[in-house]
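S.K.:
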Amino acid sequence: YSAYGPYEDPQRLIPRLIVRGLTGELPPLVDPAVTRDLVYVEDVCDAFLLAASCTNQEPGAVYNVGSGVQTTIGEAVALARRELAIAAEPVWNTLPGRSWDARTWVADNRKIRQQLGWQPRHSFEQGFRLTRDWLCAHPALLARYQASS
1 YSAYGPYEDP QRLIPRLIVR GLTGELPPLV DPAVTRDLVY VEDVCDAFLL
51 AASCTNQEPG AVYNVGSGVQ TTIGEAVALA RRELAIAAEP VWNTLPGRSW
101 DARTWVADNR KIRQQLGWQP RHSFEQGFRL TRDWLCAHPA LLARYQASS
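Per the numbering used here, numbering of the sequence shown is gapless, rising by one per residue and ending at 149.
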């Protein structure tokens, strides 16, 4: 699953959308139908902390920590265009597809929900905004991200 948020590698999708979007541009893009299960990093940390502190779970239990929501690259780009007022039209398939690109990519997080009571607190829209705001609040880091995009 695809965790995103503060300090994410600047070459990954969400930071690239934000960094390029702040200048009214879009990065090279894969097929818009490729999907991800995008989960905000704070939600992942919450899951880790909950699992580490829970004493009534089976030893070595494995949990899928994802949003449980499938998001296409097209939907992620549409959100970035709305949130960052990007006028540029996406140019699809300007980034070669990768072996892990899939049309179905979504976490079945029922086990962690049922056994530990965890669920993500942030929608993709909320997490995207938090990530954008965080990058804008750290201009030196934003400049490094811009230099690498």
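All residues carry an ideal CB built from backbone N, CA and C; glycine is no exception.
Assuming Gly-127 and Tyr-40 make a contact with CB atoms under 8 Å, what is their CB distance in whole Å?
M.R.: Locating residue 127 in the sequence shown gives position 127, counting from the first residue. Locating residue 40 in the sequence shown gives position 40, counting from the first residue. With a Cβ gap of about 3 Å, Gly-127 and Tyr-40 count as contacting.
S.K.: Once you ignore the five residues that flank Pro-28 on each side, which residues in its own chain have a CB closer than 6 Å to its CB?
M.R.: Start at 1 with the first residue of the sequence shown, and residue 28 comes out as number 28. The residues are Thr-94 and Leu-95.
S.K.: Are the beta-carbon atoms belonging to Ile-112 and Tyr-63 less than 8 Å from one another?
M.R.: By 1-based counting over the sequence shown, the position of residue 112 is 112. By 1-based counting over the sequence shown, the position of residue 63 is 63. In contact: Ile-112 and Tyr-63 (Cβ atoms closer than 8 Å).
S.K.: Using the Cα positions of Ala-78 and Cys-54, report the straight-line distance between them to the nearest angstrom.
M.R.: The sequence position of residue 78 within the sequence shown is 78, counting from 1. The sequence position of residue 54 within the sequence shown is 54, counting from 1. One C-alpha to the other measures close to 39 Å.
S.K.: Please go through the same chain and pick out, in chain order, the residues whose beta-carbon is closer than 8 Å to the beta-carbon of Glu-117, but skip the five residues on each side of it.
M.R.: Indexing the sequence shown from 1 puts residue 117 at position 117. Looking at the sequence provided, one finds Gly at residue 117 rather than Glu. For Gly-117, where only same-chain residues beyond five positions count, the Cβ hits under 8 Å are Leu-50.
S.K.: By the DSSP assignment, the beta strand (DSSP E) with Tyr-4 in it spans what residues?
M.R.: Mapped onto the sequence shown, residue 4 falls at position 4. Run containing Tyr-4: 2-4, per the beta strand (DSSP E) assignment.
S.K.: Use the C-beta contact count for Thr-23: other C-beta atoms within 10 angstroms, 16 or more gives buried, fewer gives exposed.
M.R.: For the purposes of this step, residue 23 is taken as the residue at position 23 of the sequence shown. Result: exposed.
S.K.: In whole angstroms, what is the alpha-carbon distance linking Gly-129 and Thr-72?
M.R.: The sequence position of residue 129 within the sequence shown is 129, counting from 1. The sequence position of residue 72 within the sequence shown is 72, counting from 1. For clarity, residue 129 is Arg in the given sequence; the question names Gly instead. Cα to Cα, the separation comes out at about 18 Å.
S.K.: Report the option in Cys-136, Glu-58, Gly-5 and Val-65 whose CA atom is closest to the CA atom of Trp-105.
M.R.: Taking the sequence shown and counting its residues from 1, the one referred to as residue 105 is at position 105. Selected option, being the one with the closest Cα: Val-65.
S.K.: Looking only at its own chain, which residues have a Cβ that is under 6 Å from the Cβ of Asn-109, when we skip the five neighbours before and after it?
M.R.: As a position in the sequence shown, residue 109 is number 109, starting the count at 1. Within the same chain, Asn-109 has close Cβ partners Asn-64, Gly-66 and Gly-68.
S.K.: Give the straight-line distance between the Cα atoms of Leu-142 and Asn-56, rounded to the nearest whole angstrom.
M.R.: What you label residue 142 is simply residue 142 of the sequence shown in a count that begins at 1. What you label residue 56 is simply residue 56 of the sequence shown in a count that begins at 1. One C-alpha to the other measures close to 42 Å.
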